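Chains as they are written, first to last, in the working numbering: chain A, 903 to 1017; chain B, 526 to 640.
Cβ atoms here follow ideal geometry from the backbone N, Cα and C, with glycine treated the same way.
No experiment lies behind these values; they were computed from the predicted model shown.
The next block holds one structure in the form of structure tokens; read it before the comments.
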Amino acid sequence: EAQVTQNPRYLITVTGKKLTVTCSQNMNHEYMSWYRQDPGLGLRQIYYSMNVEVTDKGDVPEGYKVSRKEKRNFPLILESPSPNQTSLYFCASSRRTGTASYEQYFGPGTRLTVT
Amino acid sequence: GENVEQHPSTLSVQEGDSAVIKCTYSDSASNYFPWYKQELGKRPQLIIDIRSNVGEKKDQRIAVTLNKTAKHFSLHITETQPEDSAVYFCAASGAGGTSYGKLTFGQGTILTVHP
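This is the structure in structure tokens:
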């Protein structure tokens, strides 16, 4: 089954304790992204990757790191989480559907709480 | 960078009525405009998209229009049904280079369809 998976789905942690949220896709997609979703702010892109070893900042990259060592995996790293990073996080992978269009497949989401 | 404004933030209609959600974008280089639907507790899913070389696109009860000159695009849902109740997000993306893959979302519209 074609899918994007994220782990963990729920996480409660404390300020400053490094954490990693994993994301994996089995659709051989080139593009992968991380978003955070906050009430009233919609989905905001944190980082995106166009291929292995190619990543770029989205709109809200501060406090986050990513890596793309393999095509299927795109982990999100919070080196020193803070309470303002409490949010719902989505990973997505994309395939091109035309010259300038692509459909994003979202993972199930990770609800992170930083106390 | 790109900025996408979405209105209204909430929309309430009676079953069978039409619903219209509007978005404006700031970057004239953007050329791909998808719409996502997110049901409560679920992940966003693509429902329709449009490229900048197309003015209108329809898919059954859903249509999207694009006015590149005015830099706005709209989602039209006709004959609304209770299952259309969800949060709808518009988004905009650029075409080439590192813009490909960078997607900026609007703030979302909560659509409620009353039976």
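Asked                                                                                                                       : Found
Runs of beta strand (DSSP E) lying entirely within the segment 555–597 of chain B, each at least 3 residues, in chain order : 557–563, 570–576, 581–584, 587–592
Cβ separation of C618 of chain B and Y561 of chain B, assumed to be a contact under 8 Å, to the nearest whole Å             : A small correction: the amino acid at residue 618 of chain B is Ser; Cys does not occupy that position in the sequence shown. Not quite, the Cβ-Cβ distance comes to about 12 Å (not below 8 Å), so this is no contact.
DSSP beta-bridge partners of T924 of chain A                                                                                : A:N909
Coil, strand or helix - D542 of chain B by DSSP                                                                             : coil
For D961 of chain A, three-class secondary structure by DSSP                                                                : coil
Nearest-angstrom beta carbon gap, L913 of chain A and L1014 of chain A [assumed within contact, 8 Å]                        : 5 Å
Beta-carbon proximity of P983 of chain A to T924 of chain A, cut-off 9 Å                                                    : no
Rounded straight-line distance, which links the Cα of P985 of chain A to that of K919 of chain A                            : 11 Å
9 Å Cβ cutoff, G580 of chain B in contact with chain A                                                                      : no
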